[in-house]
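One structure is given below, encoded as structure tokens.
Listed below in structure tokens is the structure:
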């Protein structure tokens, strides 16, 4: 019988730096009978993923198929007002009475976010007129359909900004909230309106039509989580809508929203810690069989894969390159391309530095450093073109290049992989750039009709020369290390 003494590691240094930050506390006051358990689980997931502590004051507790009413005394005990935020969600008359009594007794009400179905007659008649109840009422979140009892609304949607302004104004006059968010103003679940009472600003926020984003309760919870993390109301609303939209877009096959998509597994970082000593407790990772086995060039395998080939072919056969080769590309378009590519190469170089830091072997790190050197040389060529051909004289010009949406989208992709991904994933994300330029230019190496020695002829030559081909070999070798 073997015996091994194991030492448990201490928290990583970065976590120690933040140990006194504490967690924001959110109280959910919920009175709903329908899907109460599911709603509670959803709120816990959303708030936990945003690093918020969660407490509940429930009117009913679900036990199997049955619902047990919570006694008034127990309800009062669970309604602690020492939290940072309170969410009122479909609350009962009794819950409102308990909350109203606490305020009248002198308890200070934290910032309040109220959701849709809470707005019954009891709320309008009593609670909203209780002294001190609305001074911290930060936001009302209400679906357009649920506005009908309080405003004149022909249908469950509005078609003009003037009508939208009237709806928010009428709601605001009845309840006196600081801000109002109306969910699903168009009835399709992808248009939402934010009204800021202090500045009287309106914002229409458009979520993707791929999913229906119309659950006011889940959006309100995400807003509270953002507010609790010290973001302003505008950022909090936008962030909540994008978060819920992404949870739906990243839903698993059973259509369950993935509220934890941005949460990392602690053990992943524990096992990667340099001071981790419990190696005897590690089990060998199971090898997942894959088919086919790749014996030779992983890059060639990828670009000829059924899921990749059509995209790769359209990428390296872009008409932009043909126009460069035959000299017909508009010079202003080429200038825009050079400017965007210059800014792109700054990001590209940074990410290769990160890839080097994640490299499993010294030789892989050295290859990344060689690539970074080649990137800087490519940037100097762009600087030379912009100065000699396009008259740029001030070096500050290069730092002030305005980035286009295509560049931001592409940089976002590999920057995100750099932050969250493994070395293997990062190498795969970076490879198409280096390999794509060469593959595109080499197609025209012997068939350039642009002016000999001119700007376009030089560009084709740079990306099809032996030196660039050597760089492609380094990129291919890095990719082959993944396989």
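Numbering (the UniProt record's numbering), first residue to last: 1 to 483. Here a beta-carbon is modelled for each residue, glycine too, at the ideal position from N, C-alpha and C.
Discussion item. Please return the same chain residues whose Cβ sits closer than 6 Å to the Cβ of residue 468, not counting the five positions on each side in sequence.
Written reply: So the qualifying residues of the chain are 438.
Worksheet item: residue 141 to residue 21, Cα distance in whole Å?
Response: So the two alpha carbons sit approximately 29 Å from each other.
Worksheet item: Around the C-beta of residue 215, are 16 or more other C-beta atoms found within 10 angstroms, so that it is buried, or is it exposed?
Response: By the 10 Å Cβ count, residue 215 comes out buried.
Fill in: Simplified DSSP state of residue 10, which is helix, strand or coil
In the structure shown, residue 10 sits in coil (DSSP, three-state: anything other than H, G, I, E or B).
Worksheet item: Between 94, 11 and 17, which lies nearest to residue 74 when the distance is taken from Cα to Cα?
Response: Measuring from the Cα of residue 74, the nearest candidate turns out to be 94.
Worksheet item: Do the segment 78–94 and the segment 41–58 meet, that is, are 3 or more Cβ pairs less than 8 Å apart?
Response: Contact between the segment 78–94 and the segment 41–58 is established, with three or more Cβ pairs separated by less than 8 Å.
Discussion item. For residue 69, tell me which candidate among 343, 271 and 30 has the shortest Cα-Cα distance.
Written reply: Comparing C-alpha distances from residue 69 to each of 343, 271 and 30 shows the shortest one belongs to 30.
Item to complete: Would you identify the three-state DSSP class for residue 176, choosing helix, strand or coil?
Response: Coil, per DSSP.
Worksheet item: Are the CB atoms of residue 179 and residue 138 nearer to each other than 8 Å?
Response: Yes, they are a contact pair.
Practice prompt. Quick one: using the 10 Å Cβ neighbour count with 16 as the cut-off for buried, is residue 287 buried or exposed?
Written response: Any reading at residue 287 needs caution, since the residue's pLDDT is 44, under 50, leaving its predicted position unreliable; the model's value is listed next. Per the 10 Å Cβ criterion, exposed.
Discussion item. Less than 7 Å between C-beta atoms, sequence neighbours within five positions excluded: which residues of the same chain meet that for residue 326?
Written reply: Hits under 7 Å: 449 and 450.
Worksheet item: Measuring CA to CA, which of 461, 32, 61 and 27 is closest to residue 52?
Response: Nearest option by C-alpha distance: 27.
Worksheet item: Does DSSP put residue 451 in a helix, in a strand, or in coil?
Response: Coil at residue 451, not helix or strand.
Practice prompt. Rank 249, 270 and 269 by C-alpha distance to the C-alpha of residue 261 and give the top, closest one.
Written response: When only C-alpha atoms are compared, the closest one is 249.
Practice prompt. Measuring alpha carbon to alpha carbon, tell me which of 225, 238, 221 and 212 ends up nearest residue 255.
Written response: Of the candidates 225, 238, 221 and 212, 212 places its Cα closest to the Cα of residue 255.
Practice prompt. Could you please give the first and the last residue of the uninterrupted beta strand (DSSP E) stretch that includes residue 508?
Written response: The requested residue 508 is not part of the displayed model; the chain covers only 1 to 483.
Item to complete: On the DSSP bridge assignment, give the partners of residue 66 in chain order.
Response: Partner(s): 63.
Worksheet item: How long is the line joining the alpha carbons of residue 158 and residue 330, rounded to whole angstroms?
Response: Roughly 45 Å between the two C-alpha positions.
Discussion item. Can you list, in chain order, the residues of its chain with a C-beta nearer than 8 Å to that of residue 37? Leave out the 5 residues immediately preceding and following it.
Written reply: Residues of the same chain with a CB within less than 8 Å of the CB of residue 37, apart from the 5 flanking positions on each side, are 62 in chain order.
Fill in: Beta-carbon proximity of residue 398 to residue 383, cut-off 8 Å
It is a contact, given that the beta carbons lie within the stated cut-off.
Worksheet entry | Residue ranges of each alpha helix (DSSP H) within the segment 166–223, 4 or longer | Listed in chain order, the alpha helix (DSSP H) elements of length 4 or more contained wholly in the segment 166–223 amount to none.
Discussion item. Looking at residue 367: is its Cβ nearer than 8 Å to the Cβ of residue 477?
Written reply: Yes, the pair counts as a contact, with Cβ atoms nearer than the cut-off.
Discussion item. DSSP three-state label for residue 276, please.
Written reply: In this structure, DSSP gives residue 276 a state outside helix and strand, which the three-state scheme calls coil.
Discussion item. Using a Cβ distance threshold of 8 Å, determine whether the segment 398–414 contacts the segment 458–466, with at least three qualifying pairs required.
Written reply: Contact fails: fewer than three Cβ-Cβ distances are below 8 Å.
Worksheet item: Exposed or buried, residue 190, counting other C-beta atoms within 10 Å across all chains shown (16 or more means buried)?
Response: With 16 or more other Cβ atoms within 10 Å, it is buried.
Worksheet item: Taking the DSSP output, what are the residues bridged to residue 420?
Response: Beta-bridge pairing links residue 420 to no other residue.
Item to complete: Measure the Cβ-Cβ separation of residue 471 and residue 374 and say whether it is below 8 Å.
Response: Yes, these two residues count as a Cβ contact at 8 Å.
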